[in-house]
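Okay, so here's the structure we're looking at.
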Amino acid sequence: MSDLAKKTPETPEGPQTPGTALGPGDDTAPPAPEASAAPVPAVDPRLLIREEGIKGYWTEFTRKVRGGELGSLPVVLGLIVIAIVFQLQNSNFLSASSVANIAVYSSGLGIMAVGIVFVLILGEIDLSVGSVAGVGAAVWAVLNVNQGMNDWLAIGIAVLAGMALGILHGFFFAKIGVPAFVVTLAGFLGWSGLQDWLMGGEGSINTPSGSVVENLTNYFFEDKAAAYGLALVAVLAYAASLVMDSRRRRAAALPARPTSEIVLRTAVVAVLCFVVAYVLNEPAGARGLPLALVLFLAVLVVADFVARRTTFGRQVFAVGGNPEAARRAGINVDRVRITVFGLSGLLGAFGGLFIASLSGGATKSVGGGNTLMLVIAAAVIGGTSLFGGRGKVWSALLGMIVIQSIQQGLNMIGMANAIQYMITGAVLLAAVVIDSVSRRTQKTAGRA
Amino acid sequence: MIHVSATPVLALRGVSKRFGAVQALTDVELEIHAGEVVALVGDNGAGKSTLVKTISGVHPIDEGSIEWNGTPVPIHRPQDSQALGVATVYQDLALCDNLDVVANLFLGSELRSAAILDEIAMEKRAKELLDTLSIRIPSVRIPVAALSGGQRQVVAIARALIGDPKVVILDEPTAALGVEQTAQVLDLVERLRERGHGVILISHNMADVRAVADRVAVLRLGRNNGVFDVKTTSHEEIIAAITGATDNAVTRRQARTATKEDAK
Chain S
7 MSDLAKKTPE TPEGPQTPGT ALGPGDDTAP PAPEASAAPV PAVDPRLLIR
57 EEGIKGYWTE FTRKVRGGEL GSLPVVLGLI VIAIVFQLQN SNFLSASSVA
107 NIAVYSSGLG IMAVGIVFVL ILGEIDLSVG SVAGVGAAVW AVLNVNQGMN
157 DWLAIGIAVL AGMALGILHG FFFAKIGVPA FVVTLAGFLG WSGLQDWLMG
207 GEGSINTPSG SVVENLTNYF FEDKAAAYGL ALVAVLAYAA SLVMDSRRRR
257 AAALPARPTS EIVLRTAVVA VLCFVVAYVL NEPAGARGLP LALVLFLAVL
307 VVADFVARRT TFGRQVFAVG GNPEAARRAG INVDRVRITV FGLSGLLGAF
357 GGLFIASLSG GATKSVGGGN TLMLVIAAAV IGGTSLFGGR GKVWSALLGM
407 IVIQSIQQGL NMIGMANAIQ YMITGAVLLA AVVIDSVSRR TQKTAGRA
Chain G
113 MIHVSATPVL ALRGVSKRFG AVQALTDVEL EIHAGEVVAL VGDNGAGKST
163 LVKTISGVHP IDEGSIEWNG TPVPIHRPQD SQALGVATVY QDLALCDNLD
213 VVANLFLGSE LRSAAILDEI AMEKRAKELL DTLSIRIPSV RIPVAALSGG
263 QRQVVAIARA LIGDPKVVIL DEPTAALGVE QTAQVLDLVE RLRERGHGVI
313 LISHNMADVR AVADRVAVLR LGRNNGVFDV KTTSHEEIIA AITGATDNAV
363 TRRQARTATK EDAK
């Protein structure tokens, strides 16, 4: 089948003929099932593949890779390469303090990247996220430090201010029809001006010690039970959701994951969770579970649930895939677009508080520099397509870990800032190249 | 007009639509009864697609009225028309390539508890629906991008049936299909009629029209140009009405009576 596909990559009728549409490697199907001519019962190919055991998974995997559905494969491979290379250069790279550093520095930017993932799935881009983060930090600092407002209230207002800015972008984009690129570019300039203006004459407003914002990135759960407990809860919740889903599917007579797959998946997740918990807890110099990581994971879990399991998430994917089809299906496209930009602004401002916390206070440069670049790069490196309609919330985590690992590693081996920029730029380019090439491969394999 | 046995499910009365300087539709009349296939034919630019879009709420009408079971109803947005029970399958399919078959079938009317999707119930219903329509696709969980043209077309038609509509509008459902897929879609149209749906079928292909339609409504330059009973009308008469050829006594008479009736 794969040989056949290679010999005739483009049949005259185009890539959507049934033969190529089924994709190479789908050995279970007859060569060219003329949909109705062959009275083959409609069977879910995944079920067949599962019945084949481990070999079936491998066929499915190679078929997907050849069809351009790379998913998180490049980024996982990249992370392994990064870990090996830097660990060989500097044996402290995988030490407790280094890993905790990567986790803490990933959190703020990663939360912003979650918002960007939604915007990218929508098929748009938000260039203002860095400036919105700066405004969020400035609003919090002015209210909390200068005006003496309550910590929580100030944080709430800062985050809502970010959401309001995002909704404003969404309004101009969805209702007026200005391209999102231009609206958010205007926001990028305008809001960094607003941030400057809010800060007034002061170059920076320091975080008061013991305040909530300081704790965002400085608080660690020193009790070892915290990290292990969280890992345990995560693994149990993951396993329970798999088992329940599988049981419900069996009850409805639908193909379900076999127990072996559930055990395998749970085992992989468990190993990952407990290794990270161990590194954060046990080695010398370990400070325990960082609060920032907990908050980042909470944002990821909620956002992932919204994206995959709610009507709103489905609507975002639909608008990203084909806005006109979504409109004709009765989806309020404008509302979806405005909400997504509002969400991006909200998460941007929230991430801005983390950045302020890390740099010891709100400054005029919070959210400036390469913040925007890193955030968008993280989403793309993690595997969210720039072309819309395809992506996972977890790519914010994966991509941000890649970026922060590279920065941490380059810092540790004493590489100059200039080189760091160049390397990060190259990684971003590589991610976009992979995205573009895999999309083209998907097209020829009839999957895009 | 031919037999008016009961109140039509959907009726257009003197519908007009302008786009700037172009008068796309002028005083168009159309009736659709339950369990009946009405073919809407006409030359390119005759206003077929525009007429369909006015019914489905994509383009609101300028003048005239749309009646649902005999009562005039306002249709301003696609949602209005869906709420009434009109489902439209567009020429350009309007499927989301990145979503799987189940997600596409239920797009805009997802089964859910609160705001949380009930994927399992949707998948089950999708399978049942596809089975009752004898539609075969490799899996309901593959993205629509991976399906062939004919499979997409039947998915698009099945999608229209999710909300159990009263009237189904098919805009050129066989235009890009091969012989076998065309037959499949025509079978599907007959199954829709058996299930008691009113069907509006837009087509350029007279063979398709004569195979499944009960009545043929002809549009010419945005106006009605006669409604024919398929069984008693010859191929040539319909073609003449489409092209506006007046060297045929029958069509001339037909056009004259139609004109009188519509009181232009």
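Protein chains in written order, with the working numbering: chain S, 7 to 454; chain G, 113 to 376. The beta carbon of each residue, even a glycine, is placed where N, CA and C say it ideally should be.
Rounded to the nearest whole angstrom, the CA to CA distance from G:Glu306 to S:Gly395 is 38 Å. Apart from sequence neighbours up to five positions away, the residues of its chain that approach S:Ser104 with a beta-carbon distance below 8 Å are Asn98, Gln414 and Met418, ordered along the chain.
Against chain S, the CB of G:Lys278 has no partner CB under 8 Å away; the residue lies outside that interface. Less than 8 Å separates the beta-carbon of S:Ile127 from that of S:Gly326.
Contacts between G:Glu284 and chain S, judged by CB atoms closer than 7 Å, are missing: the closest CB pair is about 16 Å apart. Pairing G:Leu142 with G:Ala158 gives a Cβ-Cβ distance that is not under 8 Å. Ala215, Leu219, Gly220, Glu222, Arg224, Ala227, Ile228, Leu229, Ile232, Glu235 and Lys236: these are the residues of the region 212-241 of chain G whose beta carbon lies less than 7 Å from some beta carbon of chain S, given in chain order. Unbroken alpha helix (DSSP H) runs of no fewer than 4 residues, entirely contained in the region 268-336 of chain S, are found at 297-315, 317-327 and 329-334, following chain order. G:Pro190 sits in a helix when the DSSP states are folded into three classes. Close partners of G:Asp320 in chain S (Cβ separation under 9 Å) are lacking, with about 16 Å as the shortest Cβ gap. For a Cβ distance threshold of 8 Å, residue set Asn328, Glu330, Ala331, Arg334 and Ala335 of chain S lies close to G:Ala206, ordered along the chain. Buried is the label assigned to G:His309, since at least 16 other Cβ atoms lie within 10 Å of its Cβ. Under the 8 Å criterion on CB atoms, S:Thr317 is classed as interfacial with respect to chain G. Contact with chain G is found for S:Ala324, since one of that chain's Cβ atoms lies less than 8 Å from the residue's Cβ. With a threshold of 16 other beta carbon atoms within 10 Å, G:His171 meets it and is buried. At least one CB of chain S lies nearer than 8 Å to the CB of G:Val170.
DSSP, read as helix, strand or coil, puts S:Phe67 in helix. Taking 8 Å as the cut-off, the beta carbon of G:Val140 is found no closer than this to the beta carbon of G:Arg327. Contacts between S:Leu260 and chain G, judged by CB atoms closer than 9 Å, involve Ile232, Glu235, Lys236 and Lys239 in chain order. By the neighbour-count criterion, in which a residue is buried when 16 or more other Cβ atoms sit within 10 angstroms of its Cβ, S:Arg253 is exposed.
In the three-state reduction of the DSSP assignment, G:Ile228 falls in the strand class. Uninterrupted alpha helix (DSSP H) stretches at least 4 residues long and entirely within the region 257-324 of chain G occur at 261-272, 291-306 and 318-324, given in chain order. Per DSSP, S:Trp400 is not a residue of any beta strand (DSSP E), being assigned neither H nor E. The beta carbons of G:Lys160 and G:Leu152 sit closer together than 8 Å.
Using beta-carbon distances, S:Arg256 does not count as an interface residue toward chain G, since no partner is under 8 Å. Here the alpha carbon of S:Asn212 sits roughly 48 Å from the alpha carbon of G:Leu211.
Counted as a single uninterrupted DSSP element, the beta strand (DSSP E) harbouring G:Ala136 occupies residues Val134 to Ile144.
In the three-state reduction of the DSSP assignment, G:Phe218 falls in the coil class. Nearest Cα to S:Val241 within the set S:Met205, S:Val281, S:Asn221 and S:Gln321: S:Val281. With respect to the 8 Å criterion, S:Asn287 and S:Lys230 are classified as neighbours on the basis of their beta carbons.
By the neighbour-count definition (other C-beta atoms within 10 Å, threshold 16), S:Trp64 is an exposed residue.
When CB distances to chain S are screened at a threshold of 7 Å, the residues of the region 187-199 of chain G falling below it are Pro190, Gln191 and Gln194, in chain order. In the three-state DSSP reduction, S:Asn212 falls in the strand class (E or B). Contact of G:Asn181 with chain S by beta-carbon distance below 8 Å is absent, the smallest such distance being about 21 Å. If you ignore the 5 residues before and after S:Gln321, its C-beta comes within less than 6 Å of the C-beta of Ile337 and Val342, all in its own chain and listed in chain order. Taking a 10 Å sphere around the C-beta of G:His347, we find fewer than 16 other C-beta atoms and assign the residue as exposed.
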